[in-house]
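Report on one structure; see the data block that follows.
In UniProt numbering, the protein residues as written are 1 to 522.
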């Protein structure tokens, strides 16, 4: 692959655009520079007039005149010459360039450093806003978790169906969906159970709820005719008027409290069973959350999963704020609600960062002050984001926020250098310190000083290349629910037959996938 459509070309284009994108603070520098030049010319004129008066009226001691190169009574040509020298030195030493270079050089280097560290920053505006972030919101699937859920439980609720039949109906309907949970169900049915699927018809997707359609009969099914199938969460079942028995609901809650996502499979408007999926948390997620808290950020989890599943994951991560059962539009509304709140520490409206990876996260990424997209996520999520975490590493969230703070600390330092330089240099060139040092600054020296000020600001910005990401604080070890083989739960009172329940062992790596049995049955 090559040309403008290649990933590398797009990344390079993004970095170039980011480096040319002005940070809002640059507007202040431009404003200062716009009034700086007229002020300097005014000071040069004042310097010229004052020195003509001082020398013509003999307001300084005779020995000072000697030090200035004027012997005895100065004539008009000597007075004019010295006054012009002082005025020229003022004009030459004054350096609006340092003010103008303070921000863009730091932003340019900062964006380049971010790209090397795996964080694509879309311009100075995003970089500046990121330093004010006080609230960070995470999506769950693919963000706090690895994004590769797998089927862990297949539990039938009606003895008329077998686990393979349940998988057939669920996977056949989900094969047209791009959702990660749908893909996990399809993989289990086709690769683990070797079930041949049928393409569904009359498919209707309800975002945040589920999918419904018609699935044809097959050799796996007990039915000989096509069936109306619905796959979704318990809220979808309630909306469709499908009853979930008390025992099944209790068991669903137990699985959800383990951090599993439970999907109901309904056939002909009756609950046939449920499929529970689990997505292992990212190994460094808890450490990232702890470090973000140490930076003074409020950490939230917003997900479309139910409250029990979301709370189980949040407990493992050390997250205290959870918003569950959030539809894509509701995620954006929740971000907006957070932005309207006042941070009790700063007494200002919250500045919110959203971290997500999927299509469902795109509205929230667009609504947030700073949107961060996981690099392995969807194109629409990356398009709406202000920053893209290319390596899909959660630790890069800390890198992005820390780098933003470091860059703007350097911008402040650059401004400090340039302001101090002008505050000291202009009076020095104007001769205000002559009574103390008994030396005047020639225009040539003033020019060298001016060049040094610009170079010093550039060097200060280039030192950002030495940036090293912070060491993450280590969170206390948390019990992860999916480390060991699951135990089969006896549901014979619910389904009548033990064989109607299938539990899948968790797959932690490729070697274990080869050696473990595909399924553990009662």
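The beta-carbon is built from N, C-alpha and C at its ideal position, and this holds for glycine as well.
Just so you know, these numbers come straight off a predicted model, no measurement behind them.
- Straight-line measurement puts the Cα of residue 228 at about 7 Å from the Cα of residue 212.
- With 16 or more other CB atoms across the displayed protein chains lying within 10 angstroms of its CB, residue 367 is buried.
- Under the DSSP assignment, residue 266 falls in the beta strand (DSSP E) whose first and last residues are 261-267.
- Close CB contacts of residue 194 within its chain, under the 8 Å cut and outside five residues either way in sequence, are absent.
- Residue 110 and residue 148 have their C-alpha atoms some 33 Å from each other.
- In the structure shown, residue 277 adopts extended strand secondary structure according to DSSP, grouped into three states.
- If you draw a straight line from the Cα of residue 271 to the Cα of residue 468, it is about 54 Å long.
- Residue 119 and residue 400 do touch by the CB rule: their CB atoms are close to 5 Å apart, below 8 Å.
- Positions of the beta strand (DSSP E) runs, each at least 3 residues long and wholly inside the segment 429-474, cannot be given because no such run exists.
- Contact check for residue 411 against residue 102 passes: the beta carbons are separated by less than 7 Å.
- No Cβ-Cβ contact shorter than 7 Å links residue 339 with residue 302.
- Boundaries of the beta strand (DSSP E) harbouring residue 387: 387-389, taken from the DSSP string.
- Per the Cβ contact rule, the segment 320-337 is in contact with the segment 304-311 (3 or more Cβ pairs under 8 Å).
- When the beta-carbon positions are compared, residue 289 and residue 318 come within less than 7 Å of each other.
- A residue is called buried once 16 or more other Cβ atoms fall within 10 Å of its Cβ, and residue 454 is buried on that count.
- Looking at the DSSP output, residue 211 bridges to 205, 231.
- In this structure the segment 75-90 touches the segment 419-436; the number of beta carbon pairs closer than 8 Å is three or more.
- Taking C-beta separations shorter than 7 Å and ignoring five residues to either side along the sequence, the partners of residue 131 in its chain run 404, 405, 408, following chain order.
- In the structure shown, residue 303 falls within a coil segment according to DSSP collapsed to helix, strand and coil.
- Here residue 143 is near residue 374, since their CB atoms are less than 7 Å apart.
- Taken atom to atom, the span from the alpha-carbon of residue 431 to that of residue 30 is near 28 Å.
- Within the DSSP secondary-structure output, residue 373 pairs in a beta bridge with 356, 388.
- Here the alpha carbons of residue 121 and residue 388 stand approximately 7 Å from one another.
- Annotation for residue 251: the continuous alpha helix (DSSP H) segment containing it runs 246-257.
- Around residue 44, the same chain offers 87, 90, 91 as residues with beta carbons nearer than 6 Å, after the five sequence neighbours per side are excluded.
- For residue 135, the enclosing beta strand (DSSP E) covers residues 135-138.
- When the Cα atoms are used, residue 311 and residue 299 turn out to be separated by approximately 13 Å.
- Between residue 163 and residue 136, the alpha-carbon positions lie close to 41 Å from each other.
- Residue 107 sits in a helix when the DSSP states are folded into three classes.
- For the 7 Å CB-CB criterion, residue 284 and residue 394 form a contact.
- Contact check for residue 261 against residue 190 fails: the beta carbons are separated by 7 Å or more.
- Here DSSP, grouped into helix, strand and coil, assigns residue 414 to helix.
- Across the structure, residue 251 and residue 124 are spaced so that their CA atoms are roughly 51 Å apart.
- Of the residues assessed, residue 133 falls on the buried side of the cut-off, its CB having 16 or more other CB atoms within 10 angstroms.
- For residue 140, the CB contacts under 7 Å within the same chain, skipping 5 residues up- and downstream, are 301, 303, 305, 310, 313 in chain order.
- Inclusion of residue 422 and residue 457 in the CB contact set at 7 Å is not warranted, their separation being larger than that value.
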